[in-house]
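Just below is one structure, and these are the notes that go with it.
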Amino acid sequence: MALRSQLLKGVLDACVMAVVEEQPVYGYELSQKLQAIGLPDISDGTIYPVLLRLQKNGFIRGEMRPSASGPNRKYYFLTDQGQAELEQIAAEWLEIAKPVSQLLKRGGGYEKDR
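Counting in UniProt numbering, the sequence shown runs from 1 upward without gaps.
Structure, rendered in structure tokens:
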């Protein structure tokens with residue numbers, strides 16, 4: 001699990017911004033959405049520091065809104081700067097993910113070619 005956590009840590013900001021891009025969400029809802037798409041290791045304790053960092057960097061903004069089921073909730077929105085950052089991360093991810101996936105599918109086959 002430690003390796004999975006390290007890999008996820010490198011792309012978590014992009015995952016969070018991608019969810020927020022789809023629709024404004026509050027913290028707990030965000031962690032539920034990430035878990036629903038197959039990232040079960042994401043807890044509230046992981047999400048809130050990421051949200052704070054993204055907000056500090058100007059990639060998202062928070063807005064308090066009333067909740068039908070309790071106190072107000074802070075919803076997060078992607079900023080224009082965040083949209084540009086997400087597009088750049090997505091492009092870089094594709095450049096890295098494709099060759100890494102090809103190498104891993106070969107099972108380290110490049111060593112066999114020597």
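Just so it is clear, CB atoms sit at the ideal spot from N, CA and C, and this is done for glycine as well. Remember, it's a predicted structure, so these values are computed and weren't measured experimentally.
Tell me which same chain residues have a C-beta within less than 6 Å of the C-beta of residue i, skipping the five on either side of it?
| i | result |
| --- | --- |
| Leu39 | none |
| Asp113 | Unreliable placement is indicated for Asp113, whose pLDDT of 48 sits below 50; the coordinate value is still reported in the next sentence. Counting only Cβ-Cβ distances below 6 Å, and skipping sequence neighbours, we find nothing. |
| Ile37 | none |
Can you list, in chain order, the residues of its chain whose CB lies under 7 Å from that of residue i, leaving out five sequence neighbours each side?
| i | result |
| --- | --- |
| Gln55 | Arg61, Gly62 |
| Tyr48 | Gly27 |
By Cβ distance, which residues of its chain are closer than 8 Å to residue i, with the 5 residues on each side in sequence left out?
| i | result |
| --- | --- |
| Ser43 | Ser31 |
| Lys33 | Val19, Val25 |
Suppose you measure from the CA of residue i to the CA of residue j; what does that come to, to the nearest Å?
| i | j | result |
| --- | --- | --- |
| Gln88 | Met17 | 12 Å |
| Gln6 | Asp13 | 13 Å |
| Thr46 | Phe59 | 18 Å |
| Asp41 | Gly10 | 14 Å |
| Ala3 | Met64 | It should be pointed out that residue 3 corresponds to Leu in this sequence rather than to Ala. If you take the alpha carbons of Leu3 and Met64, they lie about 36 Å apart. |
| Ala68 | Val100 | 45 Å |
| Leu104 | Ala90 | 20 Å |
| residue 116 | Arg53 | This structure cannot settle anything about residue 116, because the visible part of the chain is limited to 1 through 114. |
| Gly107 | Cys15 | 27 Å |
| Gly70 | Glu29 | 14 Å |
| Leu8 | Ala84 | 21 Å |
May I ask which residues mark the beginning and end of the alpha helix (DSSP H) holding residue i?
| i | result |
| --- | --- |
| Gly82 | 80-105 |
Considering Cα atoms alone, identify which of the options is closest to residue i.
| i | options | result |
| --- | --- | --- |
| Asn57 | Ser69, Ala68, Gly82 | Gly82 |
| Glu21 | Arg106, Thr79, Leu103, Lys105 | Thr79 |
| Leu51 | Pro66, Pro24, Ile37, Gly70 | Pro24 |
How far does the beta strand (DSSP E) with residue i in it reach, from first residue to last?
| i | result |
| --- | --- |
| Ser67 | 60-67 |
Below 8 Å, can you find three or more Cβ-Cβ pairs linking the segment 69-76 to the segment 88-104? As far as the Cβ criterion goes, the segment 69-76 does not touch the segment 88-104, which means the pair count is below three.
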